[in-house]
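Chemist: Mind having a look at this structure? Questions to follow.
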Amino acid sequence: MEYTEKYRKAADVIRKAEAMIITSGAGMGVDSGLPDFRGEKGFWNAYPMYERLGLSFAGAANPRHFDEDPAFGWGFYGHRTNLYRSTTPHDGFNWLKEWSKKFGIDHFVVTSNVDGQFQQAGYADSRILEVHGSIHHLQCTTPCSSEIWANEEDIPVDLDTMRAGYIPSCIRCNAVARPNILMFGDYAWISSRTAEQEERFSAFLNRHRGHRKVIIEMGAGTSVPTIRNLGDRLSTIEDVTLIRINPREYGVRGAHISIDKGALEALQGIGEHLAR
Numbered sequence: 000m001e002y003t004e005k006y007r008k009a010a011d012v013i014r015k016a017e018a019m020i021i022t023s024g025a026g027m028g029v030d031s032g033l034p035d036f037r038g039e040k041g042f043w044n045a046y047p048m049y050e051r052l053g054l055s056f057a058g059a060a061n062p063r064h065f066d067e068d069p070a071f072g073w074g075f076y077g078h079r080t081n082l083y084r085s086t087t088p089h090d091g092f093n094w095l096k097e098w099s100k101k102f103g104i105d106h107f108v109v110t111s112n113v114d115g116q117f118q119q120a121g122y123a124d125s126r127i128l129e130v131h132g133s134i135h136h137l138q139c140t141t142p143c144s145s146e147i148w149a150n151e152e153d154i155p156v157d158l159d160t161m162r163a164g165y166i167p168s169c170i171r172c173n174a175v176a177r178p179n180i181l182m183f184g185d186y187a188w189i190s191s192r193t194a195e196q197e198e199r200f201s202a203f204l205n206r207h208r209g210h211r212k213v214i215i216e217m218g219a220g221t222s223v224p225t226i227r228n229l230g231d232r233l234s235t236i237e238d239v240t241l242i243r244i245n246p247r248e249y250g251v252r253g254a255h256i257s258i259d260k261g262a263l264e265a266l267q268g269i270g271e272h273l274a275r
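Numbering that gives the first Met the number 0 numbers the first residue of the sequence shown as 0 and each following residue consecutively.
Written as structure tokens, this is what we have:
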């Protein structure tokens, strides 16, 4: 199927939908200028210091650093905090929001990204599920309690050593604080904030049981398949159409729609047909 026909078909599905589930993985942020961590080379291109140390993404995103060497742990997450704060979400974020409003489609966002880009693009926090947590929230490393609080810290990072010049501390016990993110090999992540988001998403699905639903999945690969698996599972339900946007891993089952493009380019193509 040619791209024009795929875009036309996707636009027709969106126009007729009563509920829109917007799902995204790491590929969603690439068009905003965020680094692509897929594969060791992708991670090392973004962070050459870790290549010199022989550390992969899984090695850098490990909670043990906050116990053994907090300045090193916060070097990685401090840099990412600063990067995400300074990044402007690409136009695709706004287009999805505008389509929901224009066609009267109830929507909910499910993302494995911890960057807060959907909130920055103006989506209501009550309509977002961040399955791996958020870098914009903190917790105790111990943890001494179940408290989660906003990350309002200013964390300078030496880009040569990737070490932080400041270590955030717990607001209760003064131990080292860490991002409220599910990391690799993580047994201390406090999941209560994400659990509340999951409850709201379940309520959304229940509210739209039997309604025509469209899933617009962007940049979700198979290496960390949380979002991918959600799309595959929900796409088996009657009255659900999956639009999978991914330049590499774009396969779908049955009559669902696959578009082997980046998120911004694909959304622009769909948007041109929705404007007609």
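Ideal Cβ placement from N, Cα and C applies to all residues, glycine included.
No experiment lies behind these values; they were computed from the predicted model shown.
Verify the contact flag: F42, CB atom, against every heavy atom of the ligand MG, threshold strictly below 7 Å.
Modeler: As presented, the structure is devoid of all ligands, the ligand MG included, so that no description of it is given.
Chemist: What residues in its chain sit with their C-beta under 7 Å from that of L273, if we drop five residues either side in the sequence?
Modeler: Correct list, in chain order: A10, I13, R14 and W98.
Chemist: Helix, strand or coil, according to DSSP, for S191 in the structure here?
Modeler: S191: helix per DSSP, three-state reduction.
Chemist: Just to confirm, is the Cβ distance from E216 to I242 under 8 Å?
Modeler: Yes, they are a contact pair.
Chemist: Mapping the DSSP letters down to three states, classify F107 as helix, strand or coil.
Modeler: Three-state result, F107: strand.
Chemist: So if DSSP puts M19 in a beta bridge, which residue, or which two residues, is it bridged to?
Modeler: Per DSSP, H106 and V213.
Chemist: Using CA coordinates, which residue listed in D185, T240 and R51 is at the minimum distance from G209?
Modeler: Among D185, T240 and R51, the Cα nearest to that of G209 belongs to T240.
Chemist: How far does the beta strand (DSSP E) with N228 in it extend, from its first residue to its last?
Modeler: Where N228 is concerned, there is no enclosing beta strand (DSSP E), although the alpha helix (DSSP H) it sits in stretches over T225 to L233.
Chemist: How would you label D114, buried or exposed, when you count the other beta carbons within 10 angstroms and need 16 or more for buried?
Modeler: Buried, because 16 or more other Cβ atoms sit within 10 Å of the Cβ of D114.
Chemist: Quick check: what's the CA-CA separation for R7 versus E198?
Modeler: Those two C-alpha atoms are separated by around 34 Å.
Chemist: Among G270, A45 and P69, which one has its Cα closest to the Cα of R79?
Modeler: Ranking G270, A45 and P69 by Cα distance to R79 puts A45 first.
Chemist: Could you give the first and the last residue of the continuous beta strand (DSSP E) run that contains T240?
Modeler: Segment V239 to I244, the beta strand (DSSP E) holding T240.
Chemist: So, under 8 Å CB-CB, D259 and P62 are touching, yes? Tell me the CB distance rounded to an integer number of Å.
Modeler: Rounded, the Cβ-Cβ distance is 36 Å, inconsistent with contact.
Chemist: Please state the DSSP three-state secondary structure of A219.
Modeler: Correct three-state label for A219: coil.
Chemist: Do you know how far the Cα of Y122 is from the Cα of F65?
Modeler: Cα-Cα distance, rounded: 31 Å.
Chemist: Tell me the residue span of the alpha helix (DSSP H) that contains N112.
Modeler: Run containing N112: none; DSSP gives neither H nor E here.
Chemist: Whose C-alpha, out of S31, I104 and G41, is nearest the C-alpha of Y83?
Modeler: Closest option to Y83, Cα to Cα, is S31.
Chemist: Using the Cα positions of I189 and R275, report the straight-line distance between them to the nearest angstrom.
Modeler: Rounded to whole angstroms, I189 to R275 spans 46 Å at the Cα level.
Chemist: Would you report the Cα separation of E129 and Q119, rounded to the nearest angstrom?
Modeler: C-alpha separation (whole angstroms): 14 Å.
Chemist: Distance check for W43 and R51, CA to CA, integer angstroms please.
Modeler: Taking the straight line from one Cα to the other gives about 9 Å.
Chemist: Note down, in chain order, each residue of its chain lying with its Cβ closer than 8 Å to the Cβ of G220, except the 5 sequence neighbours on either side.
Modeler: Counting only Cβ-Cβ distances below 8 Å, and skipping sequence neighbours, we find G24, A25, G26, R37, R227, N245, R247 and E248.
Chemist: Find the nearest neighbour of V276 within the set V223, A202, D231 and S222, judged by alpha-carbon distance.
Modeler: Because the chain in this structure spans residues 0 to 275, residue 276 falls outside the shown range and cannot be described.
Chemist: Going by the CB atoms, is the gap between W148 and H131 shorter than 8 Å?
Modeler: No, these two residues do not count as a Cβ contact at 8 Å.
Chemist: What does the alpha-carbon distance come out to for the pair R252 and R211?
Modeler: Cα-Cα distance, rounded: 18 Å.
Chemist: Tell me, to the nearest whole angstrom, how far the beta carbon of A60 is from that of M182; I am working on the premise that it is less than 8 Å.
Modeler: So it is a contact: roughly 5 Å between Cβ atoms.
Chemist: Which value, in whole angstroms, describes the spacing of the CA atoms of N93 and P34?
Modeler: So the alpha carbons of these two residues sit roughly 21 Å apart.
Chemist: Along the chain, where does the beta strand (DSSP E) that runs through R51 open and close?
Modeler: Taken as a continuous stretch (DSSP letters only), R51 belongs to no beta strand (DSSP E), being part of the alpha helix (DSSP H) at P47 to L52.
Chemist: So, is N179 buried or exposed, given that buried needs 16 or more other C-beta atoms within 10 angstroms?
Modeler: The residue in question, N179, is buried, as its Cβ has 16 or more Cβ neighbours within 10 Å.
Chemist: I believe F102 touches V108 by the beta-carbon criterion, under 8 Å. Please report the beta-carbon distance rounded to the nearest angstrom.
Modeler: With a Cβ gap of about 17 Å, F102 and V108 do not count as contacting.
Chemist: For T22, count neighbouring C-beta atoms within 10 Å of its own C-beta (all shown protein chains included) and say buried if the count is 16 or more, exposed if not.
Modeler: Burial call: buried.
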